[in-house]
Amino acid sequence: AERKPTWLVTGSSNGIGLAVVRYILTTGDNVIATSRNPSKTPELVKEVESHPNGKWIALDISWSQEKITEAIGVADACFEGGITAIVNNAAFAVAGAIEDIPEEDAKAEFDTNVWGTLRVCKAILPRMRQRGSGTIVQISSVLGLAVFPALGMYSASKFALEAISEALSHETASFGIRTLIVNLGTFQTNF
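Its first residue numbered 7, the sequence shown is counted upward by one per residue in my numbering.
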């Protein structure tokens with residue numbers, strides 16, 4: 007029997023991440039939901055873990071590379087065969103005119119949206135390479151393709167993610183690893 011795919015989804019406590027986790031559960035695939043602080047959403051953790059193919063772990067993509075790699079190692083051991091796909095969804099936006107956004111806020115946004123996502127990729131890539139397959143799904147935005155006033159810094163972070171993802175796609179394809187970019191439009195979430 008072919009083993010079930012195992013998905014890991016960052017930013018699962020609400021919005022698109024939660025919708026993706028709930029959808030994966032309906033397919034029968036394995037899913038590992040992650041959030042910064044699972045104890046803040048015990049009802050969601052219970053909902054996901056009530057399925058035999060659902061797990062929930064703590065993962066804050068602003069953690070150090072070492073700590074993220076450790077968390078990905080724990081997640082990779084949750085289901086037989088390890089993680090086959092990652093959905094990098096965790097992100098946040100700082101709204102405001104470019105000249106008005108404090109540098110520390112812009113750096114925090116880039117640390118999550120760009121560097122945090124990259125840390126997750128760096129944690130899973132050696133495992134995917136060893137298995138000779140894997141899929142990385144980068145949740146981007148229409149704002150990674152076009153810029154709107156008051157969301158320029160968010161757009162900048164998504165443009166950076168797009169460039170990194172395209173490079174990653176070229177660099178890892180020969181190892182059987184696919185990198186996909188999903189450019190979403192507007193959705194009603196609490197983002």
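Every residue, glycine too, gets a C-beta built ideally from N, C-alpha and C.
Practice item. Give a yes or no on whether the C-beta atoms belonging to Arg137 and Asp82 are separated by under 8 Å. Key: no
Task: Of the residues Gly150, Ala112, Val80 and Ala129, the one placed nearest Ala166, counting alpha carbons only - done: Gly150
For Lys164, collect the residues of the same chain with a Cβ closer than 6 Å to its Cβ; drop the 5 residues on either side in sequence, then sort them by chain order.
Ser146, Ser147, Leu149 and Gly150
- Item | Alpha-carbon spacing of Ser180 relative to Glu105, whole angstroms | 42 Å
_Please state whether the Cβ-Cβ distance between Asp117 and Ser68 is less than 8 Å._
yes
Given this structure, state the Cα-to-Cα distance separating Glu109 from Ala162, to the nearest angstrom.
14 Å
Out of Phe85, Ala129 and Met159, state which residue places its alpha-carbon closest to the alpha-carbon of Arg9. Phe85
Item to complete: Apply the 10 Å Cβ neighbour rule to Gln144 and answer buried if 16 or more other Cβ atoms are within range, or exposed otherwise.
Response: Flag for Gln144 reads buried.
Practice task
State the start and end residues of the unbroken beta strand (DSSP E) segment that holds Arg137.
Solution key: DSSP places Arg137 in no beta strand (DSSP E) but in the uninterrupted alpha helix (DSSP H) bounded by Thr123 to Arg137.
Exposed or buried, Thr90, counting other C-beta atoms within 10 Å across all chains shown (16 or more means buried)?
-> buried
Which of the three DSSP states is assigned to Arg28 in this structure?
helix
**Request:** Measure the Cβ-Cβ separation of Ala129 and Ile63 and say whether it is below 8 Å.
**Result:** no
Can you give me the Cβ contacts of Ser18 inside the same chain, cut-off strictly under 6 Å, excluding the 5 residues immediately before and after it? Leu24, Val27, Ala39, Thr40 and Ser41
- [ ] Give the C-beta separation of Asn59 and Asp35 to the nearest angstrom, bearing in mind that I take them to be a contact with Cβ-Cβ under 8 Å.
- [x] Indeed, because the Cβ distance is near 7 Å, the residues count as touching under 8 Å.
Fill in: Within 8 Å, strictly: CB atoms of Thr12 and Asn94
Cβ atoms of Thr12 and Asn94: not closer than 8 Å.
query: From Glu115, Ile92 and Gly88, pick the residue whose C-alpha is nearest to that of Ala101; which is it?
result: Glu115
_Bridge partners for Val143 per DSSP, in chain order?_
Val93 and Leu186
- Buried or exposed: Ser171, going by 16 or more other Cβ atoms within 10 Å of its Cβ? buried
>> Please classify Lys61 as buried or exposed, where buried requires at least 16 other C-beta atoms within 10 Å of its C-beta.
In response: buried
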